[in-house]
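Participant: In the numbering used here, the protein residues as written are 123 to 375. We put the beta carbon where it would ideally sit given N, CA and C, even for glycine. First, the structure itself, so that you have it in front of you.
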Amino acid sequence: MYSALTMFVALIASHAWAHKPSFANDYFNAGSAFTIDDPDVSIVLYAEMTCTESELWMQMETVDRNEIWVELGVPMLDRLETYRPALALVAPGLPDVDLPFDIPANMGANIIETDDVDDPLYFYEPFTQTESWILYQGWMEVPANEEVFLVSWNPSEFTGKLWVAVGKTEDFSDVGVDQFAEWVEKTQAYYEFDDDEEHTELDCSLVSDPPGMQDQPTKEGGCSTIPSHDHRLGPAVFFLMLFMRRRHPDALT
């Protein structure tokens with residue numbers, strides 16, 4: 123594996139395609155959305171969807187522009203092979219549509235669904251040595267001179283991981299070796315490098331206030347299946363826990 127310094131020098135000296143990364147913390151509603159300062163500069167926001175934090179919100183001002191470059195992808199992990207999140211542009215003047223979450227007043231949305239993507243685009247990022255499936259990429263029309271939002275979520279209500287990238291202009295002029303090394307470490311952790319733990323995604327439709335259970339974040343940020351403090355598991359709760367361990371539906375054909 124290349125050292126962080128070697129990859130940093132190669133990155134600065136080349137014109138290879140790469141996104142400046144950020145990692146989702148609490149960008150799960152319009153009020154706390156991740157701010158995109160310049161929609162032209164290539165950035166990527168990595169997120170983990172949980173049962174309590176099931177949306178990723180990004181916000182920008184479309185100053186003197188009517189389109190932005192957007193990509194939606196997932197890490198290339200076996201359990202996410204059929205994970206198909208959706209992406210919505212939320213902005214003034216767009217149609218009224220049914221969404222599983224609230225949006226700001228006087229806004230509508232255009233939705234990009236990926237459940238019919240059978241052959242996603244493979245992408246290898248050489249500097250972090252990570253692999254992804256790209257489910258959507260293209261120029262997206264936006265209303266000019268407005269505040270707009272990009273919202274991603276999984277309509278099937280499973281937990282999982284996704285990323286959203288915006289912009290095509292690579293700019294690492296403000297990045298130092300230490301910052302780059304931190305990015306590599308965080309990104310590879312997100313892609314589960316050297317992670318021997320078995321991960322199972324949860325069907326959140328089955329863990330909505332289950333009787334005798336508490337929905338609490340686990341160390342991976344998912345929904346807990348820990349029983350309440352009296353530690354008594356009735357038959358219904360026992361079978362519910364078995365159902366929650368199932369994986370995603372079969373791959374689309």
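Report the CB separation of S274 from A208 in whole angstroms; it is logged as a contact under 8 Å.
Facilitator: Indeed they touch by this definition, with Cβ atoms about 7 Å apart.
Participant: In chain order, what are the residue ranges of uninterrupted beta strand (DSSP E) at least 3 long that sit wholly in the stretch 212–278?
Facilitator: Within the stretch 212–278, the complete beta strand (DSSP E) runs of at least 3 residues are 230–234, 243–247, 252–263 and 269–275.
Participant: Check the C-beta distance from L202 over to K308 and give it rounded, since I have them as a contact under 8 Å.
Facilitator: Not a contact, Cβ separation roughly 18 Å.
Participant: What residue range is occupied by the uninterrupted alpha helix (DSSP H) comprising Y149?
Facilitator: From DSSP, Y149 is part of no alpha helix (DSSP H); its letter is neither H nor E.
Participant: Are there 16 or more other CB atoms within 10 angstroms of the CB of Y244, so buried, or fewer, so exposed?
Facilitator: Its Cβ having fewer than 16 others within 10 Å, Y244 is exposed.
Participant: From the DSSP output, read off the bridge partner residues of T291.
Facilitator: In the DSSP output, where bridge partners are listed per residue, T291 has V163.
Participant: Report, in whole angstroms, the separation of the C-beta atoms of V288 and T184, which I expect to be a contact under 8 Å.
Facilitator: Not confirmed; about 12 Å, so no contact.
Participant: Alpha carbons only, please: which of V192, V306 and W305 is nearest the one belonging to L260?
Facilitator: Here residue 260 is Gly; the residue named in the question, Leu, does not match the sequence. Residue V192 is the option with its Cα nearest to G260.
Participant: Please report the straight-line C-alpha distance between L199 and L216, rounded to a whole angstrom.
Facilitator: Distance between the alpha carbons of L199 and L216: 35 Å.
Participant: Under the rule that 16 or more other beta-carbon atoms within 10 Å means buried, what is G195, buried or exposed?
Facilitator: Answer is buried; the Cβ neighbour count reaches 16.
Participant: If you count every other CB in all the chains shown that lies within 10 Å of the CB of W175, and 16 or more means buried, which is it?
Facilitator: Checking the displayed sequence, the identity of residue 175 turns out to be Glu instead of Trp. By the 10 Å Cβ count, E175 comes out buried.
Participant: Return the chain-ordered list of same chain residues with a C-beta closer than 7 Å to the C-beta of N147, the five sequence neighbours on each side being excluded.
Facilitator: If we look at N147 and ignore the five residues flanking it on each side, it has no Cβ neighbours.
Participant: Determine the DSSP secondary structure at V185, reduced to helix, strand or coil.
Facilitator: In this structure, V185 counts as coil in the three-state DSSP scheme.
Participant: Between which two residues does the alpha helix (DSSP H) carrying E307 extend?
Facilitator: Where E307 is concerned, the enclosing alpha helix (DSSP H) stretches over V299 to Y312.
Participant: I'd like to know whether the C-beta of L328 is nearer than 9 Å to at least one C-beta of chain C.
Facilitator: The structure shown contains no chain C, having only a single protein chain.
Participant: DSSP has P143 in a bridge; who is on the other side?
Facilitator: BP columns for P143 point to V166.
Participant: Return the CA-CA distance between D186 and E268, expressed in angstroms with no decimal places.
Facilitator: Their backbone Cα atoms lie some 9 Å apart in a straight line.
Participant: Given a cut-off of 9 Å, decide if S254 and W391 are closer than it, judged by their beta-carbon atoms.
Facilitator: A query on residue 391 cannot be resolved here, the shown segment of the chain reaching from 123 to 375 and no further.
Participant: Spatial neighbours of H351 within its chain, please: CB distance less than 6 Å, with the 5 preceding and 5 following residues excluded, ordered by chain position.
Facilitator: Low per-residue confidence applies at H351: pLDDT is 33, beneath 50, and the placement is therefore not dependable, though the value from the model is reported in the following sentence. None.
Participant: Quick one: using the 10 Å Cβ neighbour count with 16 as the cut-off for buried, is V166 buried or exposed?
Facilitator: V166 should be labelled buried.
Participant: Using the Cβ count rule (16 or more neighbours within 10 Å means buried), how would you classify D241?
Facilitator: Looking at its Cβ environment, which holds fewer than 16 other Cβ atoms inside 10 Å, D241 is exposed.
Participant: Can you look up D316 in the DSSP assignment and give me helix, strand or coil?
Facilitator: In the structure shown, D316 sits in coil (DSSP, three-state: anything other than H, G, I, E or B).
Participant: Skipping 5 residues on each side, what residues in its chain have a beta carbon closer than 8 Å to that of K341?
Facilitator: Because the pLDDT of K341 is 35, which lies under 50, any placement of that residue in the model is unreliable, and the number read from its coordinates should be weighed accordingly. Around K341: no qualifying Cβ.
Participant: Out of T204, L272 and D238, which one is the CA nearest neighbour of P161?
Facilitator: If we check each option's Cα against that of P161, L272 comes out closest.
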